[in-house]
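Worksheet: one structure, shown below.
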């Protein structure tokens, strides 16, 4: 996104200087038959299928499931050719078109937002419970009473002088009510201190540290003041790491494009800052496609606490909110994303060894859970890497709605290693859920089905069933490496079960 820094809302600043402009870029050959993760694209499979026979016409896949872009993640399924890096695949965008903001698109800001900014616990005192209609059925009244009771249980824990994390995890496993989710997540991720006396000072310090980091990362090259011509509007001219910045500026507008919230300029600028600062502070991995997806549940949940309508996906232009609110949401999202990725960073470093281990473990686990399915996939020539790489890289976010992801993350945060170990069992439960359909399909049909799974109409109940099934598999296999040993007698790969 090569535009002036005036769009950013922060004073600019300099982080790492990009490589010498004179460095020649190596020509990379791209494979049009792959998606952004280097896996067979739906379009390429259709072409292959049509060449095979003129009779068979595969069903159209929903738009937005996969894009025919070369991989930037270094996964090489079928060849040894060199991979393109993130700057190679990025294409220049035209001037972006954002939704027209109407007055009131900021929804209703809570009058107490300044108190919430100071201490999230203040939001617990203003929770309103909508009274059910008089015509409500006994079942609806029971659900209402149960919900109020559950919210009150969370409030008692969150308002304690020292929050008992074990109790909070146990309660959060079955889902966190919207009204208390933001504070609960920040505690479970280790961002907020459990000691209430330290909370205000910690938030002030961490938010200031983030904003200072943004200013440093985006300030203009100080060399311009030494008689050197003014910097250009490109990332390199601003002193940014151009490869990182360029790919982020391409990926952010493609993040959750079906949700209006993520089409607003204020949202996209915020995500760009979060992702860029995280990338330059983690040079071992830098920015990798997929991380942009992971920040959205955090950003969405933390934004909702400042407005009266917790559903911020539609009719919610963050640009209409006070700057102090956006700064807090952005900083909190950055630090919580950092905490989350700290536990799975080997998924994103060079060669992505974490994902490689997870995919191997999923293959072995599937063989034990559903040998019929595992053998059918093998007979059809389906490699687990071809479909589950994205499941690990994006934590199933490309397969679920953001709302369903948020519910799933309630449980992930309640688990000791939710985003790594427990996620593996969720993927296994997710795969075997489709056994009846998959065992009747050939390679082409399997790949197309797995890249466009019918989860559009999934509800919270579907997610809770999936999590329950994953919990059963984890209980059976977590501490029993022998159960995961393939029948072939091969040495068990390092899959992270120790």
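In full-length UniProt numbering, the protein residues as written are 1 to 498. Where is the CB? At the ideal position from N, CA and C, for every residue including glycine.
Q | alpha helix (DSSP H) segment containing residue 369, residue limits | A | In the DSSP annotation of this structure, the continuous segment of the alpha helix (DSSP H) that includes residue 369 starts and ends at 353-369.
Requested in this report: Kindly give me the distance between the Cβ atoms of residue 248 and residue 275, rounded to whole angstroms, as I take these residues to be in contact under 8 Å.
Outcome: Your pair residue 248 and residue 275 checks out as a contact, with CB atoms roughly 5 Å apart and the cut at 8 Å.
>> Which runs of the alpha helix (DSSP H) at least 4 residues long sit entirely within the segment 381-425? Give them in chain order.
In response: Entirely contained in the segment 381-425, the alpha helix (DSSP H) runs reaching 4 residues are, in chain order, 384-393 and 402-414.
key: Residue burial classification, residue 393 (beta-carbon count within 10 angstroms, cutoff 16)   = The residue in question, residue 393, is buried, as its Cβ has 16 or more Cβ neighbours within 10 Å.
Can you grab the Cα-Cα spacing for the pair residue 371 / residue 447, in whole Å?
Taken atom to atom, the span from the alpha-carbon of residue 371 to that of residue 447 is near 19 Å.
Using 8 Å as the cut-off, can you tell me whether the segment 346-363 makes contact with the segment 252-268, which would need three or more C-beta pairs spanning the two stretches below that distance?
At 8 Å Cβ cutoff, the stretches do not touch.
- Query: residue 114 to residue 387, Cα distance in whole Å?
  - Reply: Rounded to whole angstroms, the separation of the alpha carbons of residue 387 and residue 114 is 46 Å.
Exercise for review: Would you list the one or two residues that DSSP bridges to residue 195?
Suggested key: Looking at the DSSP assignment, residue 195 forms a beta bridge with 162.
Exercise for the section: Compare the C-alpha of residue 268 against each of 285, 241 and 296 and name the closest. Expected result: Relative to the Cα of residue 268, the nearest Cα in the group 285, 241 and 296 belongs to 296.
Worksheet item: How many angstroms separate the CA atom of residue 334 from the CA atom of residue 382?
Response: Each residue's Cα considered, the two are about 37 Å apart.
* To do: Can you give me the Cβ contacts of residue 196 inside the same chain, cut-off strictly under 6 Å, excluding the 5 residues immediately before and after it?
  => 161.
With a threshold of 16 other CB atoms inside 10 Å of the CB of residue 280, please say whether the residue is buried or exposed.
-> Looking at its Cβ environment, which holds 16 or more other Cβ atoms inside 10 Å, residue 280 is buried.
> Taking three-plus beta-carbon pairs below 8 Å as touching, is the segment 111-126 in contact with the segment 303-315?
Replying inline: Per the Cβ contact rule, the segment 111-126 is in contact with the segment 303-315 (3 or more Cβ pairs under 8 Å).
Practice item. Answer yes if the segment 169-176 comes into contact with the segment 121-141, meaning at least three C-beta pairs across the two stretches below 8 Å, and no otherwise. Key: Three or more beta-carbon pairs separated by less than 8 Å are not found between the segment 121-141 and the segment 169-176, which leaves the two stretches without contact.
Restricting to Cα atoms, I'd like to know which of 408, 293, 345 and 243 is closest to residue 258.
Taking only the C-alpha atoms, the option nearest residue 258 is 293.
7 Å CB neighbourhood of residue 346 in its chain, flanking five on each side removed: If we look at residue 346 and ignore the five residues flanking it on each side, its Cβ neighbours are 353 and 354.
**Message:** Within the continuous alpha helix (DSSP H) that includes residue 452, where are the two ends?
**Reply:** It is not in any alpha helix (DSSP H) - residue 452 carries neither H nor E in the DSSP assignment.
| said: My output table needs one value for residue 222: the three-state DSSP class, helix, strand or coil. | reply: Summary for residue 222: the model assigns pLDDT 38, below 50, so the residue's position carries little reliability; its value from the coordinates is reported in the next sentence. The DSSP-derived three-state label of residue 222 is helix.
*Go ahead and pull the three-state DSSP assignment for residue 295.*
Helix, per DSSP.
Let me check understanding here. Comparing Cα to Cα, which of 264, 272 and 240 lies closest to residue 250? Shortest Cα-Cα distance from residue 250 to any of 264, 272 and 240 involves 272.
Query - Residues sharing a beta bridge with residue 467, DSSP - result: Answer is none; residue 467 lacks a bridge partner.
task: Return the Cβ separation of residue 264 and residue 318 in integer angstroms, given the expectation that the two are a contact with Cβ distance under 8 Å.
output: Their Cβ separation, rounded to whole angstroms, is 6 Å, which keeps residue 264 and residue 318 in contact under 8 Å.
request  = Measure the Cβ-Cβ separation of residue 384 and residue 362 and say whether it is below 7 Å.
outcome  = Yes. Within cutoff.
* To do: Just the C-alpha distance for residue 128 and residue 145, rounded to the nearest angstrom, thanks.
  => About 14 Å.
Which residue's Cα is closest to the Cα of residue 533: 474, 460 and 472?
Within the shown structure, residues of the chain are numbered from 1 to 498, placing residue 533 beyond reach of any answer.
Residue 425 versus residue 348 - alpha carbon distance: The alpha-carbon of residue 425 is positioned some 20 Å away from that of residue 348.
_Using a 10 Å radius around the Cβ and a threshold of 16 neighbouring Cβ atoms, would you call residue 84 buried or exposed?_
Because residue 84 carries a pLDDT of 32, less than 50, the predicted location of this residue cannot be relied on, and the following value inherits that uncertainty. It is buried - the Cβ of residue 84 has at least 16 other Cβ atoms within 10 Å.
**Message:** Closest to residue 200 by C-alpha separation, out of 328, 402 and 380, would be which residue?
**Reply:** Out of 328, 402 and 380, 328 has the C-alpha closest to the C-alpha of residue 200.
**Item:** DSSP three-state assignment for residue 109, whether helix, strand or coil
**Value:** The DSSP-derived three-state label of residue 109 is strand.
- Quick one: using the 10 Å Cβ neighbour count with 16 as the cut-off for buried, is residue 204 buried or exposed? So residue 204 counts as exposed.
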